[in-house]
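Step one of this worksheet: look at the structure below.
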Amino acid sequence: MEVERILLALAALLFAPIVGGALTGADRKLTARMQKRIGPPLMQPFYDAVKLFSKQRLIVNGFQSVSVSVYLASMALSLVLLVLGMDLLVLLFVLALGSVALILGGFSVKSPYSQIGSQREVLQLLAYEPLLVLMVVAIYLKTGSFSASSVMSLRQPLIYSLPLFIVTMILVMAIKLHKSPMDISGSHHAHQELVRGIYTEFSGPQMGLIEIAHWYELVFLLGFIALFWHTNLLCGALLALGCYFAVIVIDNITARMTWRWMLRVTWLFGIGASLLNLFLLYGIAGR
Amino acid sequence: MFNFVHKCRKKSPWIVHFDAGACNGCDIEVLACLTPVYDVERFGIINVGNPKHADVLVVTGTCNRRNARVLRNLYEQMPEPRAVVAVGACALSGGIFHECYNVLKGVDGILPVDVYVPGCAPRPEAIAEGVLMAMERVEQRSREPHSQMQAEPAEREERR
Chain A
1 MEVERILLAL AALLFAPIVG GALTGADRKL TARMQKRIGP PLMQPFYDAV
51 KLFSKQRLIV NGFQSVSVSV YLASMALSLV LLVLGMDLLV LLFVLALGSV
101 ALILGGFSVK SPYSQIGSQR EVLQLLAYEP LLVLMVVAIY LKTGSFSASS
151 VMSLRQPLIY SLPLFIVTMI LVMAIKLHKS PMDISGSHHA HQELVRGIYT
201 EFSGPQMGLI EIAHWYELVF LLGFIALFWH TNLLCGALLA LGCYFAVIVI
251 DNITARMTWR WMLRVTWLFG IGASLLNLFL LYGIAGR
Chain B
288 MFNFVHKCRK KSPWIVHFDA GACNGCDIEV LACLTPVYDV ERFGIINVGN
338 PKHADVLVVT GTCNRRNARV LRNLYEQMPE PRAVVAVGAC ALSGGIFHEC
388 YNVLKGVDGI LPVDVYVPGC APRPEAIAEG VLMAMERVEQ RSREPHSQMQ
438 AEPAEREERR
């Protein structure tokens, strides 16, 4: 049993970057097709990452490499925690730890782009964190436990009782993946008025590590969505990919908004939808 | 392994574009490369706008004594391996401003230029090809590490 779990964790660590990179490539291709472009090859994210690792190491200060390593480690760890069905609250804590590490790395440089990007990243953290906590609370109300493995013992998929949380998960994904209209701290591909925002001062191999952390993050988010339809693996995967597709469509039909707009939408609409779903759940369960 | 790294480098040239006081003709052509019509992202080219992420520095316009140090500063912030592409007549030689007292006659007086893209203004296809050629040059240079700058002066003389 223990050996199996270790193997499962290792498989997740090994395959998540490959799957995440391929999905990112598909995202770029799909985005290009939506803009009537041909787009880069599917392997493009891997080319970019290998190139970044082969570049010269230019670090502004030592803390930057620490922050990037902590960011990568915590993204990988949160995926492992999810795969092993551990405590969801610990998982959220690890996820937030990684984001904070990257923010501190951005703050450690005096560049104004990096500074403002980091401030905006703090606001993004502030926007999506309540949504994730409410989601975990809803899962607790449904299963009576904070552990992710308790979802597996349910007979019905979570989406039947928590449908509105899929909508809030799309919001969270748009923010976490830095997609329009939530790409305020640094857009994932294109540069904006803050150059690359929080990523401006990370270069070469460090940027490559950030890319790999993004791939882990993407697989983690998709895995979290798949948890809502655990009874059928195919349905879970389709649900996750459907949400990702929705995020890509929203990315292509909207422009970047301000952080005030983002807070309004996530807190009023996102928390509103979460609470509505919680009240409905409370009424139906009669607890 | 070595070849794979080179393939990846060639397939992902990220550019930073510096306008050293051009008439905007070349700049518009550089930006035209990024539009859906020419779509240079199919070659992996992204305009990152940040020297720390860039592999290729695309320079347009006449370099003068004031912006030479900005240009040099940008170049110094780029991590190796890096390449410079001079785009347009002004960046190549100063163009019609060649005889002006403040104009340095071409980018190659300041930075080691890898590829010259002539024209006033050059076609977007030529600019995209120049960027891709620059990555080829980078690969050639890293295969023969000692011949780094030797080709530069000869080529410059030939051109004048």
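Residue numbers (my numbering), protein chains in the order written: chain A, 1 to 287; chain B, 288 to 447. In this text, a Cβ means the ideal position worked out from N, Cα and C, and glycines have one as well.
> Is it the case that the Cβ atoms of Y403(B) and A373(B) are separated by a distance below 8 Å?
Replying inline: yes
> Under the DSSP definition of a beta bridge, which residues are partnered with W301(B)?
Replying inline: Note: W301(B) sits in a beta bridge opposite I333(B).
>> Report the start-end ranges of each beta strand (DSSP E) in the stretch 322-382 of chain B that is 3 residues or longer and not cut off at the edges.
In response: 343-347, 370-374
> If you measure from the beta carbon of V394(B) to each beta carbon in chain A, is any gap under 8 Å?
Replying inline: Not an interface residue.
> Just to confirm, are V50(A) and C320(B) a CB contact at a threshold of 8 Å?
Replying inline: In this structure, C320(B) does not lie closer than 8 Å to V50(A) by Cβ.
> Hey, how far is the Cα of L30(A) from the Cα of E211(A)?
Replying inline: 19 Å
> Which residue or residues does DSSP assign as beta-bridge partners of S147(A)?
Replying inline: D87(A)
> Are the C-beta atoms of G346(B) and some chain A residue less than 8 Å apart?
Replying inline: Contrary to the premise, residue 346(B) reads as Val rather than Gly in this sequence. Chain A contact via Cβ: absent.
> E367(B) touches chain A at which residues, Cβ-Cβ below 8 Å?
Replying inline: K55, Q56
> Do you know offhand how far F224(A)'s Cα is from L82(A)'s?
Replying inline: 7 Å
>> Tell me which residues share the same chain as V109(A) and place their Cβ nearer than 6 Å to its Cβ, disregarding the 5 neighbours each side in the sequence.
In response: V60, E201
> E328(B) touches chain A at which residues, Cβ-Cβ below 7 Å?
Replying inline: A32, R37, G39, P40
>> Please list, in chain order, the residues of the stretch 335-360 of chain B that have any C-beta partner in chain A closer than 7 Å.
In response: V335, G336, N337, K339, H340
> Taking Cβ-Cβ distances below 7 Å as the criterion, which residues of the stretch 308-327 of chain B are in contact with chain A?
Replying inline: P323, D326
>> For D306(B), list the residues DSSP reports as bridge partners.
In response: T347(B)
> Just how far apart, CA to CA, sit M262(A) and L164(A)?
Replying inline: Roughly 18 Å between the two C-alpha positions.
>> Buried or exposed, going by whether 16 or more other CB atoms sit within 10 Å of the CB of C350(B)?
In response: buried
> Should F15(A) be labelled buried (16 or more other beta-carbon atoms within 10 Å of its own) or exposed?
Replying inline: exposed
> Can you name the residues of chain A whose CB is closer than 9 Å to the CB of V292(B)?
Replying inline: V50, K51, F53, S54
>> Mapping the DSSP letters down to three states, classify Y388(B) as helix, strand or coil.
In response: coil
> Can you name, in chain order, every residue of its own chain whose Cβ lies under 8 Å from the Cβ of H385(B), other than the five neighbours on each side?
Replying inline: K392
>> Can you check whether the C-beta of R296(B) is within less than 8 Å of a C-beta belonging to chain A?
In response: yes
> How many angstroms separate the CA atom of P440(B) from the CA atom of Y362(B)?
Replying inline: Reliability of the predicted coordinates at P440(B) is poor, the pLDDT of 44 falling under 50, and the value obtained from them is presented with this limitation in mind. Near 19 Å, if we compare the C-alpha coordinates of Y362(B) and P440(B).
> Going along chain B in order, which residues have a C-beta closer than 8 Å to the C-beta of G106(A)?
Replying inline: Chain B residues near G106(A): none, gap ~13 Å exceeds 8 Å.
> Using a Cβ cut-off of 8 Å, which residues of the stretch 256-286 of chain A contact any Cβ in chain D, in chain order?
Replying inline: No chain D appears in this structure, whose protein chains are A and B.
> With 16 as the cutoff for other CB atoms within 10 Å, does L275(A) come out buried or exposed?
Replying inline: exposed
> Within 8 Å (strictly less), CB to CB, does V249(A) reach chain B?
Replying inline: Not one chain B Cβ lies under 8 Å of V249(A).
> What is the DSSP secondary structure of V109(A), reduced to helix, strand or coil?
Replying inline: coil
>> I'd like to check one pair, S147(A) with L88(A): are the Cβ atoms closer than 8 Å?
In response: yes
> Since I302(B) contacts R359(B) with CB under 8 Å, what's their CB separation in whole angstroms?
Replying inline: Incorrect: roughly 18 Å between the Cβ atoms, too far for contact.
> Counting along the chain, where does the beta strand (DSSP E) carrying Y199(A) start and finish?
Replying inline: Per DSSP, Y199(A) belongs to no beta strand (DSSP E) and is neither H nor E.
> Quick one: what's got a C-beta closer than 6 Å to I198(A)'s C-beta in the same chain, skipping five residues either side?
Replying inline: G106, G117, S118, E121, S185, G186
> What first and last residue would you give for the beta strand (DSSP E) that runs through V418(B)?
Replying inline: Where V418(B) is concerned, there is no enclosing beta strand (DSSP E), although the alpha helix (DSSP H) it sits in stretches over 411-430.
>> When you compare the CB of V195(A) with every CB in chain B, is at least one pair closer than 8 Å?
In response: yes
>> For the pair the stretch 226-238 of chain A and the stretch 252-267 of chain A, tell me if three or more CB-CB distances fall below 8 Å.
In response: Short answer: they don't touch.
> Would you say Y71(A) reaches chain B, if we count a Cβ-Cβ gap shorter than 8 Å as a contact?
Replying inline: Y71(A) has a beta carbon lying at 8 Å or more from every beta carbon in chain B.
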